[in-house]
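S.K.:
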Amino acid sequence: MALCIDDLRRQCTNNAIIMTAHVIKRCRERNIDSDSIIHVIMNGEIIRQYEDDKPFPSCLLLGMLMKDKYLHVVVASDNIHLHIITAYYPNEDEWEPDFKTRKGC
869 MALCIDDLRR QCTNNAIIMT AHVIKRCRER NIDSDSIIHV IMNGEIIRQY EDDKPFPSCL
929 LLGMLMKDKY LHVVVASDNI HLHIITAYYP NEDEWEPDFK TRKGC
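The number in our numbering is simply the position in the sequence shown, starting from 1, with 868 added.
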């Protein structure tokens with residue numbers, strides 16, 4: 869089942885976000901704070917669906933932060949909670965200039 873950005877935003881405003889210790893550690897290493905992740909969920913767009921992910925379907929979101937900095941967030945949903953899988957700044961060597969398409973795909 870494909871995820872809907874409106875549903876993700878609704879869950880986000882209900883403070884139903886789950887971040888594991890691993891995700892928190894990775895985000896700290898990458899200098900990504902939870903406000904930036906929330907900003908991407910609330911203002912970004914879904915650029916890829918992973919409907920077969922387990923235990924819940926997930927998707928890749930793209931959002932722009934201040935100073936023209938892009939951020940990718942992978943989020944899964946169980947229809948109650950948002951599970952943050954990872955967040956990272958896309959590498960220009962791996963992504964097309966729009967940061968929506970992986971190079972070579």
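Positions of the beta carbon are idealized from the N, C-alpha and C atoms, including for glycine.
Which stretch, first to last residue, makes up the alpha helix (DSSP H) that contains C895?
M.R.: A889 to E897
S.K.: So what's K937 in DSSP terms, helix, strand or just coil?
M.R.: strand
S.K.: Taking the alpha-carbon of E960 as reference, which of L928, I953 and K971 has the nearest alpha-carbon?
M.R.: K971
S.K.: So, do the region 869 to 885 and the region 907 to 920 have three or more beta carbon pairs nearer to each other than 8 Å?
M.R.: These segments touch.
S.K.: With a 10 Å radius around its C-beta and 16 neighbouring C-beta atoms as the bar for buried, classify A889 as buried or exposed.
M.R.: exposed
S.K.: Hey, I905 and A955: beta-carbon distance below 7 Å or not?
M.R.: A contact, by the Cβ cut-off of 7 Å.
S.K.: Who pairs with V943 in a beta bridge, going by DSSP?
M.R.: C927 and I952
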